[in-house]
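Accompanying notes for the structure given below.
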Amino acid sequence: AMEKIRAAGLLRTRGLIGGKWVDAYDGKTIEVQNPATGEVLANVACMGNRETADAITSANTTFYTWSKLTASERSKALRKWHDLLMSHKEELALLMTLEQGKPMKEALGEVNYGASFIEFFAEEAKRVYGDIIPPTLADRRLLVLKQPIGVVGAITPWNFPLAMITRKVGPALACGCTVVVKPSEFTPLTALAAADLALQAGIPAGALNVVMGNAPEIGDELMQSTQVRKITFTGSTAVGKKLMAGSANTVKKVSLELGGNAPCIVFDDADIDVAVKGSLAAKFRNSGQTCVCANRILVQEGIYEKFASAFVKAVQSLQVGNGLEESTSQGPLINEAAVQKVEKFVGDATSKGANIMLGGKRHSLGMSFYEPTVVGNVSNDMLLFSEEVFGPVAPLIPFKTEEEAIHLANDTNAGLAAYMFTKNIARSWRVSEALEYGLVGVNEGLISTEVIERQIKSLNLLRYEPTM
Ligand code: ADP
41 AMEKIRAAGL LRTRGLIGGK WVDAYDGKTI EVQNPATGEV LANVACMGNR
91 ETADAITSAN TTFYTWSKLT ASERSKALRK WHDLLMSHKE ELALLMTLEQ
141 GKPMKEALGE VNYGASFIEF FAEEAKRVYG DIIPPTLADR RLLVLKQPIG
191 VVGAITPWNF PLAMITRKVG PALACGCTVV VKPSEFTPLT ALAAADLALQ
241 AGIPAGALNV VMGNAPEIGD ELMQSTQVRK ITFTGSTAVG KKLMAGSANT
291 VKKVSLELGG NAPCIVFDDA DIDVAVKGSL AAKFRNSGQT CVCANRILVQ
341 EGIYEKFASA FVKAVQSLQV GNGLEESTSQ GPLINEAAVQ KVEKFVGDAT
391 SKGANIMLGG KRHSLGMSFY EPTVVGNVSN DMLLFSEEVF GPVAPLIPFK
441 TEEEAIHLAN DTNAGLAAYM FTKNIARSWR VSEALEYGLV GVNEGLISTE
491 VIERQIKSLN LLRYEPTM
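First residue of the sequence shown? That's 41 in the UniProt record's numbering, and the numbers climb one at a time after it.
Structural data, given as structure tokens:
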């Protein structure tokens, strides 16, 4: 499989700085492993603060030319990058499955999703409009110009090795910013392959730089730099807090997408097939390793037994295996630590009275495979309720009233995504608005799309310059 990627010229193992593929100064490398087999896929450059400083310098220099192009010129380069990502779909998906473990079908889906951000923002690039404001004095005119903020530092996680990068880099490049990306050390190969395609698409040397290795060192260098004007991060809440605090000193803008603890509420009046299908998709995508994964399935008591047995049946049909195999719908977890976390959460729940309805242990395939699991009678004193399990474990939590469901759902400090299943229209509006979450899926388990990003992204990548 790696041969196929090498043959396509997409096996990159060095960092990308100023358009050149470079080794770490001290020649250090780190291994990238296949979580399904333990096989070492590649040794990639292990970089730190010096290489990051070089990448920032390169991004800063390039900012003065890239930001001066017309939106249409930037748009064309992005469009070409999108097309190259799509024409290398197979290789990118393969690389993703190899280093991250997700099934090929999901990996192919991620290439589409990842590329969609580049396409969407290539189009948006041409529509960064300003404003003309009615003046306060008769002989003055007030104009708002929107201008790119400068160098952006983007730090991304391993669960979406491509999409979390394009989602940050697409809008940044589109409006004229330049970027230093730090992908996760677990999944740098997809990031580097995508960056290679960006170069081929004519994104200029230095507009997109990639460094990886020592995460705290790279993070600190990005934080300290006065040239880096914005930090965009997807990952754990703990690291996000560090980056937010670290950005204060140089007053950077920050966009953080942190941990979730998504509730998925199944009401008595739900269509049971829709609810099973939707919660299965919301829970088990990427083996439960997404920040919008349903973390708590709240089920109303009138439908609890019926839903639970239909849900268990659906989970039983999931095929665990190496993502390269056609039949696989559940790959391994990213590493041993991830499995240990799942084991700890499940152990905590059973010790407090929850019952395992399916799975509940490591899979016979070994490595970091874990059985798709359903745990019944989970309550709010358990880790499965209060924290993000990030694995293939579906906790079912019974509730009686709508009020109780809303209260339980909002009983967390993570407000990323929520899901609800009901056929009652009034209830769907009422509950959606009562849920303290950024995204709410109604009768739908897969809600991520590039087209909602505009609201979130546009403000932080631009500086506002009022002129009179
Ligand atoms: P996850 O649990 O998803 O791995 P992390 O927050 O640990 O979440 O990782 C997300 C990204 O943050 C990764 O690219 C990781 O290398 C990076 N990271 C981890 N620690 C730091 C740090 N101290 N400074 C900057 N980036 C960091």
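Don't be surprised by glycine CBs; every beta carbon is placed ideally from N, CA and C. Only a predicted model underlies this, so the values are computations on that prediction, with no experimental measurement involved.
Exposure label - residue i; buried when at least 16 CB within 10 Å
i	result
Leu50	buried
His403	buried
Val382	buried
Trp198	buried
Asn301	buried
Gln329	buried
Lys208	buried
Ile189	buried
Gly280	buried
Asp309	exposed
Glu43	exposed
Ser349	exposed
Ala377	exposed
Lys384	exposed
Trp121	buried
Gly342	exposed
Pro175	exposed
Leu56	buried
Tyr65	exposed
Cβ-heavy atom distance, residue i to the ligand ADP, below 7 Å
i	result
Ser224	yes
Val418	no
Ala143	It should be pointed out that residue 143 corresponds to Pro in this sequence rather than to Ala. The answer is no for Pro143.
Ile396	no
Thr196	yes
Leu51	no
Ser265	no
Leu283	yes
Ile205	no
Ile45	no
Ala147	no
Pro412	no
Ile258	yes
Ala234	no
Ser276	yes
Ala288	no
Val279	yes
Where the beta strand (DSSP E) containing residue i begins and where it ends
i	result
Val279	Premise fails: Val279 lies in the alpha helix (DSSP H), Thr277 to Ala288, not in any beta strand (DSSP E).
Ile271	Val268 to Thr274
Asn335	Ala334 to Gln340
Pro201	Per DSSP, Pro201 belongs to no beta strand (DSSP E) and is neither H nor E.
Lys60	Lys60 to Val62
Glu297	Lys293 to Glu297
Glu71	Thr69 to Gln73
Ile189	Ile189 -> no beta strand (DSSP E), and no H or E assigned at all.
Ala76	No beta strand (DSSP E) contains Ala76, which DSSP labels as neither H nor E.
Val491	First-last for Val491: undefined, no H or E at that position.
Ile172	Asp171 to Ile173
Ile57	Gly55 to Ile57
Residue i to residue j span [Cα, whole Å]
i	j	result
Gln73	Gly141	10 Å
Leu185	Tyr169	8 Å
Ala394	Ile195	37 Å
Ile172	Ser115	25 Å
Gly216	Ala111	8 Å
Leu358	Ala234	30 Å
Ser391	His447	25 Å
Val482	Glu443	17 Å
Gly371	Phe200	14 Å
Ala203	Ala48	21 Å
Asn362	Leu373	11 Å
Thr69	Glu257	15 Å
Tyr410	Ser287	38 Å
Asp313	Glu484	11 Å
residue 17	Gly58	Here the chain has residues from 41 to 508 only, and residue 17 is not among them.
is_contact[residue i, chain D] using C-beta, thresh 8 Å
i	result
Glu43	Judged by its chain identifiers, the structure shown contains no chain D, having just a single protein chain.
Start and end residues, alpha helix (DSSP H) containing residue i
i	result
Asn100	Asn89 to Trp106
Ala321	Ile312 to Phe324
Ala48	First-last for Ala48: undefined, no H or E at that position.
Ala350	Tyr344 to Gln356
Any non-hydrogen atom of the ligand MG within 7 Å of residue i CB
i	result
Ala255	Among the ligands modelled here, namely the ligand ADP, the ligand MG does not occur.
Could you give the uninterrupted runs of the alpha helix (DSSP H) lying entirely in the segment 218-260, keeping only those of 4 residues or more?
228-240
Considering only residues of the segment 381-456, which uninterrupted alpha helix (DSSP H) runs meet the minimum length of 4 residues and lie entirely inside it, listed in chain order?
423-426 and 442-450
In chain order, what are the residue ranges of uninterrupted beta strand (DSSP E) at least 3 long that sit wholly in the segment 128-164?
none
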